[in-house]
Amino acid sequence: MKNDVIIIGGGAAGLCAAVALKQKNPALSVRLLEALPRVGKKLAATGNGRCNITNKNITKERYHGRNTYFALYALSRYSGKQTEDFFHSVGVDFIFEDDKGYPASLQAASVVDCLRFAAEELGVILCTETRVTNIQLSGRLFKVIAGNLNFLTENIIIAAGLLSGGEKLGNDGQMLTLLKKAGFNTVKTYPAIVQLKTDPEIVRQLKGIKVNANVSLKSCGKLLRREYGEVLFCDYGLSGPPILQVSGTAAKNQNPVISLDLMPDKSLDALTKELQDRISILSARSTDEFFTGMMNKRLGQVIIKSAGYKLNTSVGSLDNNAPKKIAALIKGFSFNVTGNTGFINSQVTSGGLSTEQFDPKTMMCRDYKGLYAIGEILDIDGDCGGFNLQWAWSSALCAADAITKNNV
Ligand SMILES: Cc1cc2nc3c(=O)[nH]c(=O)nc-3n(C[C@H](O)[C@H](O)[C@H](O)COP(=O)(O)OP(=O)(O)OC[C@H]3O[C@@H](n4cnc5c(N)ncnc54)[C@H](O)[C@@H]3O)c2cc1C
126 MKNDVIIIGG
136 GAAGLCAAVA
146 LKQKNPALSV
156 RLLEALPRVG
166 KKLAATGNGR
176 CNITNKNITK
186 ERYHGRNTYF
196 ALYALSRYSG
206 KQTEDFFHSV
216 GVDFIFEDDK
226 GYPASLQAAS
236 VVDCLRFAAE
246 ELGVILCTET
256 RVTNIQLSGR
266 LFKVIAGNLN
276 FLTENIIIAA
286 GLLSGGEKLG
296 NDGQMLTLLK
306 KAGFNTVKTY
316 PAIVQLKTDP
326 EIVRQLKGIK
336 VNANVSLKSC
346 GKLLRREYGE
356 VLFCDYGLSG
366 PPILQVSGTA
376 AKNQNPVISL
386 DLMPDKSLDA
396 LTKELQDRIS
406 ILSARSTDEF
416 FTGMMNKRLG
426 QVIIKSAGYK
436 LNTSVGSLDN
446 NAPKKIAALI
456 KGFSFNVTGN
466 TGFINSQVTS
476 GGLSTEQFDP
486 KTMMCRDYKG
496 LYAIGEILDI
506 DGDCGGFNLQ
516 WAWSSALCAA
526 DAITKNNV
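Residues are numbered in the numbering used here as their position in the sequence shown, beginning at 1, plus a constant of 125.
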């Protein structure tokens, strides 16, 4: 069976490429091979079922990898209006909440449905439960092997994703292993957009509490990244949007430390003075209740204890250093990061196929003409906020454009 294009992986990038190819050139024979019984399983789980499909502020700073410049052409050429127009053509309209774009239905499953309907209407051959196990060169063609099945094709698009979300969403990382064995350069993979594990002693006492904080990620005293938002204390460590946002960088650096500024609007000096005043006003109260009315009570008690003071004594008995010590803790409540909750809980994988092997304008491999890679399998990962799906769409539209131009 000879095909013009075979796409490996029916996720976000693969479905987008399949539809775009047939829209641009209906005469192309396009076959999509998907390991799972259904296409788009991970896409259907995105954005807590709402699918944060894009972001209005696509900038280089939002992307990570050995060479983030690689992603810039595709992101600038095929994001914004191009992505919106593409989705409009399959029946998905966008709405925006601040910078974040969603399908107007607020249903991730509807995005999968519209892509699948369009693929079927346009004549893409969708083969589910077809896990590709090998790719070989056969003269000028590629031979794609999926168990007992063999397919010949002129062009191949690898859109097999990576390990985020775990095997239940279709990925065991085997495609990257296969390509590595075939001689492709790869960059070590890490879970990103994932909860962080810390020493459990303190966080366990704070389980379930949410606070707005400035989150600084440091390694060996150096500030690596800063984010603001709601942090959630869990029995294993820390979660919440700013933690997920810095997690990929934490995984790549030695001895990472998360420092929370629990009162970012106040300077250290102003807070010290405020605590001095509070101590004199509330001197008759028990230290257990010192922070009651100023911050979460349980958090306040842990801060008092962590600063080295006893609970159940009077506020008036706190020594002269207390305001400074407690203020310093509030401005820099620090946790050694001991790990993360793994690929299964991560939204994206950092690392993957090394980008220098591919042309950033076409996504085509420099060594194998006709072989393309798109989406998460490449060493590009984005922040939380629609950036990863945008990379899937942009890289897919880029490859589809290149293939149709090469096959007119
Ligand atoms: C829970 C969760 C929530 C997320 N929410 C968002 C969000 O709101 N916004 C956002 O921008 N990003 C989000 N992401 C990230 C986003 O889903 C991914 O970046 C995106 O799906 C990557 O697209 P892809 O097509 O490259 O890979 P995938 O979507 O993973 O698709 C790859 C497909 O290839 C198939 N496959 C793998 N190996 C083979 C093989 N050997 N043969 C055949 N088929 C194979 C897999 O089964 C899979 O269907 C989320 C991720 C998760 C896990």
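Positions of the beta carbon are idealized from the N, C-alpha and C atoms, including for glycine.
Item, Value
"Through-space distance from W518 to N380, alpha-carbon basis", "35 Å"
"V356: CB within 6 Å of a non-hydrogen atom of ligand 1", "no"
"Whole-number beta carbon distance between K225 and G511, since they are thought to touch under 8 Å", "5 Å"
"Closer than 6 Å: T171 CB and nearest ligand 1 heavy atom", "yes"
"Unbroken alpha helix (DSSP H) run spanning A143, endpoints", "A137 to K149"
"F358, DSSP secondary structure in three states", "strand"
"Near ligand 1: K167 beta-carbon under 6 Å from a heavy atom", "yes"
"6 Å Cβ shell around P485 - same chain, five flanking residues per side excluded", "F195 and Y198"
"Residue range of the unbroken alpha helix (DSSP H) whose run includes Y198", "Y194 to Y203"
"Cβ-heavy atom distance, R187 to ligand 1, below 6 Å", "no"
"Residue span of the alpha helix (DSSP H) that contains K166, given as start and end", "K166 to A169"
"CA nearest to the CA of C141, picked from D210, G174, L400 and L321", "D210"
"Straight-line Cα distance separating T412 from T208", "56 Å"
"Three CB pairs or more closer than 8 Å across the segment 281-288 and the segment 186-195", "no"
"Cβ separation of G365 and K335, assumed to be a contact under 8 Å, to the nearest whole Å", "7 Å"
"Check: M489 C-beta below 6 Å from any heavy atom of ligand 3", "No copy of ligand 3 appears in this structure; the ligands present are ligand 1."
"Neighbour-count burial assignment, A307, 16 or more Cβ in a 10 Å radius", "exposed"
"Span of the beta strand (DSSP E) around F416", "That residue, F416, is in no beta strand (DSSP E); it is neither H nor E in DSSP."
"Of the residues G433, R423, G136 and V155, the one placed nearest E246, counting alpha carbons only", "V155"
"Distance between L385 and I404 (C-alpha atoms, nearest Å)", "23 Å"
"Exposure of F358, with buried meaning 16 or more beta-carbon neighbours within 10 Å", "buried"
"Helix, strand or coil at M388 according to DSSP, with G and I counted as helix", "coil"
"Residues near G298 in its chain [Cβ-Cβ closer than 6 Å; skip 5 each side]", "L288"
"Helix, strand or coil at G476 [DSSP, three-state]", "strand"
"Near ligand 1: G134 beta-carbon under 6 Å from a heavy atom", "yes"
"Unbroken beta strand (DSSP E) run spanning L240, endpoints", "Not the beta strand (DSSP E): L240 falls in the alpha helix (DSSP H), residues A233 to L247."
"Rounded C-alpha distance that separates V164 from L321", "30 Å"
"Beta bridge counterpart(s) of P316 as assigned by DSSP", "T474"
"Distance between N339 and T417 (C-alpha atoms, nearest Å)", "22 Å"
"Nearest-angstrom Cβ-Cβ length linking I220 and A234, presumed shorter than 8 Å", "The pair is not a contact, with the Cβ atoms about 16 Å apart (cut-off 8 Å)."
"Stretch-stretch touch, CB-based, cutoff 8 Å, three pairs: the segment 420-438 with the segment 462-480", "no"
"Per DSSP, the bridge partner or partners of P381", "S344"
"Cβ pair I318, Q472 closer than 7 Å", "yes"
"Cβ-Cβ distance between G373 and S475 below 7 Å", "yes"
"Which of helix, strand or coil DSSP assigns to P485", "coil"
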